[in-house]
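In this note's numbering, the protein residues as written are 1192 to 1354.
Pasting the structure below:
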């Protein structure tokens, strides 16, 4: 077994900042619209809003799904179940009268691939609402969903390769 100091070190990513996150997002969507600590953009015609607070060291990626009006107890229960087992790192949340797909993470420790995965998972919880309620990163069984997730993640990684 090689000694610990003989192992090559993995390159460290710089801390995630608002500027770095905006550069990654602009590589995905050059038409992204910044507004203060927020930026709105689209991936495959799905709107995503990212809000960051460097003082609190938090970020949130959000995809609007539908109005929260009319969500009954059984639907809310199903959303909570999905948050536990199938939504993965993305979550369903209700705020400002809407149902959202959200991903929340400390800002500075967020790595680029985690950010890209967050976008894909958040899109997937919106797409699969009312069906499998899945973030898509881990799918058990022999279906096509994992391949679709991996393909979109690879596309996003290639767009932001130099960042």
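All residues carry an ideal CB built from backbone N, CA and C; glycine is no exception. Quick caveat: nothing in here was measured; it's all calculated off a predicted structure.
Partner residues in the beta bridge of residue 1233, as assigned by DSSP, are 1238. Counting every other CB atom within 10 Å of its CB across the protein chains shown gives residue 1257 a total below 16, marking it as exposed.
For residue 1253, the enclosing beta strand (DSSP E) has its first and last residue at 1249–1258. Pairing residue 1287 with residue 1211, the inter-Cα distance amounts to about 28 Å.
In this structure, DSSP gives residue 1293 an extended state, which the three-state scheme calls strand. Here residue 1281 has 1292, 1294, 1312, 1313, 1316 and 1326 as same chain residues with Cβ atoms under 6 Å from its own Cβ, once five neighbours each way along the sequence are excluded. Taking C-beta atoms as the reference points, residue 1232 and residue 1247 fail to come closer than 9 Å.
Between residue 1262 and residue 1290, the C-beta spacing is below 9 Å. Judged by DSSP in its simplified three-state form, residue 1272 adopts helix. The continuous alpha helix (DSSP H) containing residue 1218 extends over residues 1209–1219. Sequence-distant partners of residue 1323 (beyond 5 residues in either direction) whose C-beta falls short of 7 Å from its own C-beta, in its chain, are 1277.
By alpha-carbon distance to residue 1251, the top candidate from 1230, 1318, 1203 and 1265 is 1230. Counted as a single uninterrupted DSSP element, the stretch harbouring residue 1246 is not any beta strand (DSSP E), since DSSP gives it neither H nor E.
Here the C-alpha atom of residue 1273 lies approximately 31 Å from the C-alpha atom of residue 1206.
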